[in-house]
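Numbering (the numbering used here), first residue to last: 1232 to 1483. What follows is a set of notes on a single structure, which appears directly below.
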DNA sequence: TTAGATT
């Protein structure tokens, strides 16, 4: 089966008419999203991203308009607005260029391969026990006999993001400078093993780092070693606090 | 002092 269709003309008027939408209600369907945006112009394509495992919406989607001006109007009209009945406002902005980000992936790969040469993954039980004691000290909790536990005891529900596809250990990094960017996180954590994602959390308006970020690492041992090593690490004038991410509830 | 998500 072969599908043949006309290509859309490439010109300035239709370039960059692609929008990235976040904060959508998880219950909103692709059709409903299109209805919301269709008042601003002709929609060429749309998509809502879903969790690979559960199939539930991630609240993030894309809308490609026919014309750039339509996309601009949609941003003006819908960014920061609450869709009817929604609890939270949505964010509407132009989507990133799909071409970039390869440099980042390359960087990661380089760090990983070089780091492995001197600090391979910890598979040996003895190293694991030693590591658990390091972690106890890093967390400042009561120490316990290493013989009684395995590497993951006491960490149930912490750090590990659900789902096979997006699996990994999420690490919270606090006390980054306002100028911090993603590359510093790659550089800090890459030497400890497989890093699949880093994120510096920035203020929406100033674009400055809010003082913290996240790193996702594939393997528990490598994540634990990175935490034990980098917690308390001095970066410039600041001392980093590094731990597995916890879900912090709003204070009472 | 514990997010955002980029087909």
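No residue lacks a Cβ here, since even glycine has one placed at the ideal position from N, Cα and C. Keep in mind the model is a prediction, meaning the values are calculated, not measured.
Going by beta carbon distance, what residues of the same chain come within less than 8 Å of residue 1275, once the five residues before and after it are set aside?
The answer, listed in chain order, is 1239, 1248, 1295, 1296, 1297.
Rounded to whole angstroms, what is the Cα-Cα separation between residue 1308 and residue 1266?
Between residue 1308 and residue 1266, the C-alpha separation is close to 14 Å.
Kindly confirm or deny that the region 1429 to 1441 and the region 1449 to 1469 touch, where touching means at least three C-beta pairs closer than 8 Å.
No, they do not touch.
I need the straight-line Cα distance from residue 1418 to residue 1468, nearest angstrom please.
Cα to Cα, residue 1418 sits roughly 17 Å from residue 1468.
Who pairs with residue 1402 in a beta bridge, going by DSSP?
Answer is 1446, 1475, bridged to residue 1402.
Just list the beta strand (DSSP E) runs in the region 1274 to 1305, keeping only unbroken ones of 3 residues or longer that don't cross its boundaries, in chain order.
Qualifying beta strand (DSSP E) stretches, in chain order: 1274 to 1281, 1288 to 1296.
For residue 1313, report the span of its beta strand (DSSP E) as first-last.
Premise fails: residue 1313 is in no beta strand (DSSP E) and is neither H nor E.
Helix or strand or just coil, what does DSSP make of residue 1255?
Coil at residue 1255, not helix or strand.
Taking 8 Å as the limit between beta carbons, can you name the residues of its chain near residue 1264, skipping five residues before and five after?
Cβ within range, chain order: 1252, 1255, 1277, 1279, 1292, 1294.
So, with DSSP's three-state summary, where would you put residue 1237?
In this structure, residue 1237 counts as coil in the three-state DSSP scheme.
Provide the residue span of the beta strand (DSSP E) that contains residue 1432, from first to last.
From DSSP, the beta strand (DSSP E) with residue 1432 extends over 1426 to 1433.
Could you check whether residue 1314 and residue 1259 sit closer than 9 Å to each other, using their CB atoms as the reference points?
Contact: yes.
Is the beta carbon of residue 1406 closer than 9 Å to that of residue 1312?
The answer is no: Cβ separation not under 9 Å.
What three-state label does DSSP hand residue 1466 in the structure shown?
Three-state result, residue 1466: strand.
Excluding the 5 residues preceding and the 5 following residue 1416 in the sequence, name in chain order all residues of the same chain whose CB lies nearer than 6 Å to its CB.
Excluding sequence neighbours, residue 1416 sits near 1429, 1444, 1446.
Kindly indicate which residue of 1433, 1257, 1288, 1302 has the alpha-carbon position closest to the one of residue 1270.
Minimum Cα distance to residue 1270 is reached at 1302.
Let me know if residue 1426 comes out buried or exposed under the rule of 16 or more other beta-carbons within 10 Å of its beta-carbon.
It counts as buried.
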